[in-house]
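Presented below is the structure to which this report refers.
In full-length UniProt numbering, the protein residues as written are 1 to 134.
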């Protein structure tokens with residue numbers, strides 16, 4: 001089943017920031033509040049992006065290994081076999097993960113803006129958003 005909602009933990013991540021701002025944010029100027037939230041989101045996005053890139057590299061390596069195991073035949077037998085093609089099940093799972101990541105980053109963006117973050121200057125967030133849009 002294709003995901004239709006962001007992961008529950010995305011809003012939970014920023015909930016603590018919301019609680020902090022409600023409790024102590026009254027003493028902050030608008031600029032300090034924006035800088036604080038933007039900095040947190042930028043750092044969070046950088047970590048999320050690093051994990052995502054590592055996972056993508058691992059998946060690419062596994063694909064190359066699998067392709068190498070089945071892709072060579074001295075007499076060219078089985079070169080067009082089903083073992084060289086991605087199974088529909090794997091493609092379906094990949095689509096689900098991509099959709100889930102996109103939903104999660106969209107929620108992160110909405111919640112960040114709601115908290116007052118300026119995402120236009122967050123290199124990490126913009127790169128994260130671009131990465132999940134591929």
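Where a beta carbon is used, it is the ideal one built from N, C-alpha and C, also for glycine.
8 angstroms contact criterion, which residue i and residue j should meet: CB distance rounded
i           : j           : result
residue 7   : residue 100 : 7 angstroms
residue 45  : residue 103 : Not a contact, Cβ separation roughly 16 angstroms.
residue 62  : residue 131 : Not quite, the Cβ-Cβ distance comes to about 19 angstroms (not below 8 angstroms), so this is no contact.
residue 124 : residue 49  : 6 angstroms
Reference residue i, options the options, closest by Cα
i           : options           : result
residue 112 : 21, 1, 2          : 21
residue 4   : 98, 130, 125, 123 : 98
residue 116 : 13, 41, 95, 9     : 41
residue 56  : 107, 13, 94, 36   : 94
residue 18  : 36, 31, 1         : 36
residue 30  : 126, 118, 134, 2  : 118
residue 38  : 91, 54, 126       : 126
Residues of its chain near residue i, where Cβ-Cβ distance is below 7 angstroms and the 5 sequence neighbours each way are ignored
i          : result
residue 81 : Residue placement at residue 81 cannot be trusted, given a pLDDT of 49 that sits under 50; the coordinates are not used to answer.
Contact set for residue i: own chain, Cβ-Cβ below 6 angstroms, skip 5 residues either direction
i           : result
residue 121 : none
residue 107 : 6, 10
Spatial neighbours of residue i in its chain, beta-carbon cut-off 8 angstroms, leaving aside the 5 residues before and after
i          : result
residue 33 : 21, 25, 116
residue 2  : 95, 96, 99
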